[in-house]
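*Asks:*
Number of protein chains: 4
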Amino acid sequence: MAKILVVYATDYGSTKKMADEIVSGAGSVDGCTAESKAAEDATSDDMESADAVIFGTPVHMGSPAWKIKKFIDTVCGGLWMENKMNGKVGAVFATGGGLGGTGGGGELAMLAMISNVTELGMIFVPFPKSSPGYANGGLQWGPCARTADDKGPIGFPDNMAEPARCHGANVARAAKLLAGQKIFD
Amino acid sequence: MAKILVVYATDYGSTKKMADEIVSGAGSVDGCTAESKAAEDATSDDMESADAVIFGTPVHMGSPAWKIKKFIDTVCGGLWMENKMNGKVGAVFATGGGLGGTGGGGELAMLAMISNVTELGMIFVPFPKSSPGYANGGLQWGPCARTADDKGPIGFPDNMAEPARCHGANVARAAKLLAGQKIFD
Amino acid sequence: MAKILVVYATDYGSTKKMADEIVSGAGSVDGCTAESKAAEDATSDDMESADAVIFGTPVHMGSPAWKIKKFIDTVCGGLWMENKMNGKVGAVFATGGGLGGTGGGGELAMLAMISNVTELGMIFVPFPKSSPGYANGGLQWGPCARTADDKGPIGFPDNMAEPARCHGANVARAAKLLAGQKIFD
Amino acid sequence: MAKILVVYATDYGSTKKMADEIVSGAGSVDGCTAESKAAEDATSDDMESADAVIFGTPVHMGSPAWKIKKFIDTVCGGLWMENKMNGKVGAVFATGGGLGGTGGGGELAMLAMISNVTELGMIFVPFPKSSPGYANGGLQWGPCARTADDKGPIGFPDNMAEPARCHGANVARAAKLLAGQKIFD
């Protein structure tokens, strides 16, 4: 039995759509429940009661949106201070622009959130290249949806639903094995 | 003649103090003027009229404070869209906790801001190991003041004033040479 | 039952000493065995038969030593191609210079190895700030020993043995729970 | 007058081809000369006599090829020790696989080299999104050619020649302005 929380920032709804797909994948794993919360709404209690947290953001200027960072500074900071998240499972995803054929800063945006996940003492689940739909927007750090092309915004692409659900299910399976276990001295 | 702008987020004033030292160093270079602005107050016009911008932040959870990210998303985003900052000079600094003998996430916090600087098309000035006071809190990416030790906050350490002023002067000298020049196709 | 492998590059022996302490910590966990191999000696079979791999390097110019990278390119590349390491446990550590009060590039050196670990589809175990001896050389990414100060090399510092052993034991406990489990779709 | 050096690692020749295009772009700037050297052949003297150095690598497992790292450790290490590269101009480029719609680790591979560039005290020239051909394989950090797709290797893509030449010319223009100047205290 494990509880998966997806916390996301969103501007025009694409990152929320991806969060929904991840929730759907995580909830499909036997014995797991999943829900998503906007960064503005997620609380310290939400974090403490989760066995795994997946952080998602649009890529803005090569790093995460300020709204998810505000959540991390103001809500997660206290949990970090008291080591409350140690040993839980963490993961990330992103949605990003289409400028540049190689991802437009998505990698470092995810890494900035992985630094947060890691500071919290969480065990990080990556996104292996063998995952279904990886070719549509995979990176080792997590799935990254291209939500714009050279002409402008295209919304959340249909072919990212599969890798998003897969990522959610992967994280849920890891959370089931690690939930309530004492890993860290 | 070059104009240097320091934009910073601050919680308890240490990052502001470091910004002041950097301004003092930048302003000491012949033909350069310098000022600092809190991230909440800096405007698009401030950015456009500067020849160099130095971004500073406390390290929160291994990445920049949300207030500087809000500035980058909401103010710098538009400048990025219109390529207004291309070819200006950029640099970074940070203040950070004392937990961990190796800097507590300062490096990735600076890198997150460098990703922003680089997205803006700015030319990045590092902090070489030969700089005066480097041993007190240097990193290749920029000076990083340790503002806490194992017992708690210690404020802005006196011995970081010298490397901070040095960094400001370095950036100002680069800005003088590059101001108004056409680097990028 | 889990098997932990530590693969390291070393110049003057400090990283090897740290590897030995990590092996000692990992081997102290009930039901776990641990050994270390120099990057030049570790083989594809060593990797496949391990449940967890901890990569260690001295920091050279802000990134890992070329010897560990050669191992990753030439030995791990084939394992990556065939998805052989998916779902195993990965972790990192480093030893680094004393120039700069904030860690001399250790963070990005560890991140470069974490990128390798993550490409391999391994689940990443961090080093929480509550770990014994964290203050002596901790970073969220893994323990990082300062093996030089402003005057020159000082060897592997005694007070890093405790955090190194702790890291090894943490990784071993995670490996026990995840060994042989199917996490990834 | 400025001298631009491109140092690259290559496996099957794609990164060499990209290096050639960058040399061609850099050499087209009035008053600039440019040449490329394989990482195995470049010497300390080559580095010292250059005003700008552009480092290029294929992406292997999310970080630079071991051959370029060997060059950095064994040739550049001594230059770093003696602060010989301070204030010169640095830049990067990469070639990478096609797995994953978002660049397959290219960003962190470039960042690992930027850490090296920055440790050397070099001033970093990015690749702005307004550059010709950016959409074909741009990243803020530098141009990144996709040399494989889901089916396998495709070689150096023709449409990357333009952004590669542009990057070379940008770096040459910056080098002309900064060559021989005293930036760092």
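Protein chains in written order, with the numbering used here: chain A, 1 to 185; chain B, 1001 to 1185; chain C, 2001 to 2185; chain D, 3001 to 3185.
From the three backbone atoms N, C-alpha and C, an ideal C-beta is built for every residue, glycine too.
Could you spell out the range, first to last residue, of the beta strand (DSSP E) harbouring residue 2058 of chain C?
*Replies:* Along the third sequence, read from residue 1 onward, the residue named residue 2058 of chain C stands at position 58. Taken as a continuous stretch (DSSP letters only), the beta strand (DSSP E) holding residue 2058 of chain C covers 2052–2060.
*Asks:* Determine the extent of the beta strand (DSSP E) in which residue 3004 of chain D is found, giving its start and end residues.
*Replies:* The residue you call residue 3004 of chain D lines up with position 4 of the fourth sequence. That run of the beta strand (DSSP E) goes 3002–3008.
*Asks:* Comparing C-alpha positions only, which one of C:2159, C:2051, C:2044, C:2123 sits nearest to residue 2031 of chain C?
*Replies:* Locating residue 2031 of chain C in the third sequence gives position 31, counting from the first residue. Out of C:2159, C:2051, C:2044, C:2123, C:2051 has the C-alpha closest to the C-alpha of residue 2031 of chain C.
*Asks:* For residue 2055 of chain C, decide whether its Cβ has a neighbour in chain A, counting only Cβ atoms nearer than 8 angstroms.
*Replies:* Reading the third sequence from its first residue, position 55 is the one you call residue 2055 of chain C. No, its Cβ sits nowhere closer than 8 angstroms to a Cβ of chain A.
*Asks:* Using DSSP with H/G/I as helix, E/B as strand and the rest coil, what is residue 152 of chain A?
*Replies:* For the purposes of this step, residue 152 of chain A is taken as residue 152 along the first sequence, with counting starting at 1. Residue 152 of chain A falls in the strand class under three-state DSSP.
*Asks:* Quick one: what does DSSP say residue 3123 of chain D is sitting in, helix, strand or coil?
*Replies:* Numbered from 1 along the fourth sequence, position 123 holds the residue referred to as residue 3123 of chain D. Of the three classes helix, strand and coil, the one that applies to residue 3123 of chain D here is strand, per DSSP.
*Asks:* Report the neighbours of residue 1082 of chain B on chain C: residues whose CB is nearer than 9 angstroms to its CB, in chain order.
*Replies:* Here residue 1082 of chain B refers to the residue found at position 82 when the second sequence is read from its first residue. Correct list: empty, because the minimum Cβ distance to chain C is about 31 angstroms.
*Asks:* In terms of alpha-carbon separation, which member of B:1120, B:1132, B:1162, B:1080 lies closest to residue 1022 of chain B?
*Replies:* Your numbering for residue 1022 of chain B matches position 22 in the second sequence. Here the closest residue by C-alpha is B:1162.
*Asks:* How about residue 1170 of chain B and residue 1136 of chain B: are their beta carbons less than 8 angstroms apart?
*Replies:* As a working note, residue 1170 of chain B is residue 170 in the second sequence. As a working note, residue 1136 of chain B is residue 136 in the second sequence. It is not a contact, given that the beta carbons lie outside the stated cut-off.
*Asks:* Within the chosen definition, does the region 3086–3097 of chain D reach the region 2071–2083 of chain C through at least 3 CB pairs nearer than 8 angstroms?
*Replies:* These segments do not touch.
*Asks:* Beta-carbon within less than 6 angstroms of residue 65 of chain A's beta-carbon, same chain only, minus the 5 sequence neighbours each way: which residues are those?
*Replies:* Translated into positions along the first sequence, residue 65 of chain A becomes position 65. Only 9, 57, 58 meet the Cβ criterion.
*Asks:* Under 8 angstroms between C-beta atoms, does residue 3062 of chain D make it to chain A?
*Replies:* Counted from its first residue, the fourth sequence places residue 3062 of chain D at position 62. Chain A contact via Cβ: present.
*Asks:* In whole angstroms, what is the alpha-carbon distance linking residue 1078 of chain B and residue 2155 of chain C?
*Replies:* As a position in the second sequence, residue 1078 of chain B is number 78, starting the count at 1. As a position in the third sequence, residue 2155 of chain C is number 155, starting the count at 1. Using only the alpha carbons, I get a separation of about 50 angstroms.
*Asks:* Let me confirm a value: residue 2012 of chain C is counted as buried when at least 16 other C-beta atoms fall within 10 Å, else exposed. Which label applies?
*Replies:* The residue you call residue 2012 of chain C lines up with position 12 of the third sequence. The residue is exposed, with fewer than 16 neighbouring Cβ atoms inside 10 Å.
*Asks:* So with CB distances below 8 angstroms, who are the chain B contacts of residue 108 of chain A?
*Replies:* Walking along the first sequence from the start, residue 108 of chain A turns up at place 108. What residue 108 of chain A touches in chain B: 1111, 1112, 1115.
*Asks:* Only counting the same chain, and skipping five residues up and downstream in sequence, which positions put a Cβ closer than 6 angstroms to that of residue 3126 of chain D?
*Replies:* Your numbering for residue 3126 of chain D matches position 126 in the fourth sequence. So the list reads 3140, once near-sequence residues are dropped.
*Asks:* Taking 8 angstroms as the CB-CB cut-off, is residue 3072 of chain D touching chain E?
*Replies:* The structure shown has no chain E; the protein chains it does contain are A, B, C and D.
*Asks:* I'd like to know whether the C-beta atoms of residue 3029 of chain D and residue 3172 of chain D end up nearer to each other than 8 angstroms.
*Replies:* Here residue 3029 of chain D refers to the residue found at position 29 when the fourth sequence is read from its first residue. Here residue 3172 of chain D refers to the residue found at position 172 when the fourth sequence is read from its first residue. Going by C-beta atoms, residue 3029 of chain D is nearer than 8 angstroms to residue 3172 of chain D.
*Asks:* Tell me residue 90 of chain A's beta-bridge partners as DSSP assigns them.
*Replies:* Position 90 of the first sequence, counting from 1, holds the residue named residue 90 of chain A. According to DSSP, which records beta bridges pairwise, residue 90 of chain A is partnered with A:53, A:124.
*Asks:* For residue 132 of chain A, decide whether its Cβ has a neighbour in chain C, counting only Cβ atoms nearer than 8 angstroms.
*Replies:* Within the first sequence, the letter at position 132 stands for residue 132 of chain A. For residue 132 of chain A, the answer is yes, since a Cβ of chain C falls inside 8 angstroms of its Cβ.
*Asks:* Short check: CB of residue 46 of chain A to CB of residue 5 of chain A, under 8 angstroms?
*Replies:* Numbered from its first residue, the first sequence carries residue 46 of chain A at position 46. Numbered from its first residue, the first sequence carries residue 5 of chain A at position 5. For residue 46 of chain A and residue 5 of chain A, yes; Cβs fall inside 8 angstroms.
*Asks:* I'd like to confirm the pairing. Which residues does DSSP put opposite residue 64 of chain A in its beta bridges?
*Replies:* Within the first sequence, the letter at position 64 stands for residue 64 of chain A. Residue 64 of chain A pairs with A:59.
*Asks:* For the region 1017–1049 of chain B, enumerate the residues whose C-beta is nearer than 7 angstroms to any C-beta of chain A, in chain order.
*Replies:* Listed by position, the residues of the region 1017–1049 of chain B near chain A (Cβ gap below 7 angstroms) amount to none.
*Asks:* Can you name the residues of chain A whose CB is closer than 9 angstroms to the CB of residue 3181 of chain D?
*Replies:* For the purposes of this step, residue 3181 of chain D is taken as residue 181 along the fourth sequence, with counting starting at 1. Here the premise fails: no neighbours, minimum Cβ distance about 29 angstroms.
*Asks:* Going by C-alpha to C-alpha distance, which of A:75, A:74, A:147 sits closest to residue 94 of chain A?
*Replies:* Counted from its first residue, the first sequence places residue 94 of chain A at position 94. Minimum Cα distance to residue 94 of chain A is reached at A:147.
*Asks:* Can you give me the start and stop residues for the beta strand (DSSP E) that residue 76 of chain A sits inside?
*Replies:* In the first sequence, residue 76 of chain A corresponds to position 76, counting from 1. Counting along the chain, residue 76 of chain A falls outside any beta strand (DSSP E), and DSSP gives it neither H nor E.
*Asks:* Quick one: does residue 1159 of chain B have its CB under 8 angstroms from some CB of chain D?
*Replies:* The residue you call residue 1159 of chain B lines up with position 159 of the second sequence. Taking Cβ atoms only, chain D never reaches closer than 8 angstroms to residue 1159 of chain B, which makes this a no.
*Asks:* Just curious, the beta strand (DSSP E) that residue 130 of chain A is in, first and last residue?
*Replies:* Here residue 130 of chain A refers to the residue found at position 130 of the first sequence. From DSSP, residue 130 of chain A is part of no beta strand (DSSP E); its letter is neither H nor E.
*Asks:* With distances taken from CA atoms, which of A:104, A:39, A:63 is nearest residue 197 of chain A?
*Replies:* Only positions 1 to 185 of chain A appear in the structure, and residue 197 of chain A is not among them; the question remains open.
*Asks:* Enumerate in chain order the residues of its own chain whose CB-to-CB distance from residue 157 of chain A is below 8 angstroms, with the five nearest sequence positions on each side excluded.
*Replies:* By 1-based counting over the first sequence, the position of residue 157 of chain A is 157. Here the set comprises 136, 137, 145, 146, 147.
*Asks:* Kindly list, in the order they appear in chain A, the residues whose Cβ is closer than 8 angstroms to that of residue 1065 of chain B.
*Replies:* Taking the second sequence and counting its residues from 1, the one referred to as residue 1065 of chain B is at position 65. Chain A residues near residue 1065 of chain B: 69, 73.
*Asks:* State yes or no: is the beta carbon of residue 90 of chain A nearer than 8 angstroms to at least one beta carbon in chain D?
*Replies:* As a position in the first sequence, residue 90 of chain A is number 90, starting the count at 1. No, residue 90 of chain A lies away from the interface with chain D (no Cβ there is under 8 angstroms from its Cβ).
*Asks:* Using a Cβ-Cβ distance cut-off of 8 angstroms, determine whether residue 1004 of chain B contacts chain D.
*Replies:* Translated into the one-based positions of the second sequence, residue 1004 of chain B becomes position 4. So, not an interface residue.
*Asks:* Where does residue 2040 of chain C fall in DSSP's three states?
*Replies:* Sequence index remark: in the third sequence, residue 2040 of chain C carries index 40 (1-based). Residue 2040 of chain C falls in the coil class under three-state DSSP.
*Asks:* Should residue 2105 of chain C and residue 3115 of chain D be called a contact, given that it needs their Cβ atoms to be closer than 8 angstroms?
*Replies:* Numbered from its first residue, the third sequence carries residue 2105 of chain C at position 105. Numbered from its first residue, the fourth sequence carries residue 3115 of chain D at position 115. A contact, by the Cβ cut-off of 8 angstroms.
*Asks:* With distance defined between alpha-carbon atoms, name the residue in D:3061, D:3043, D:3054, D:3108 nearest to residue 3071 of chain D.
*Replies:* Your numbering for residue 3071 of chain D matches position 71 in the fourth sequence. Cα-wise, what sits closest to residue 3071 of chain D is D:3043.
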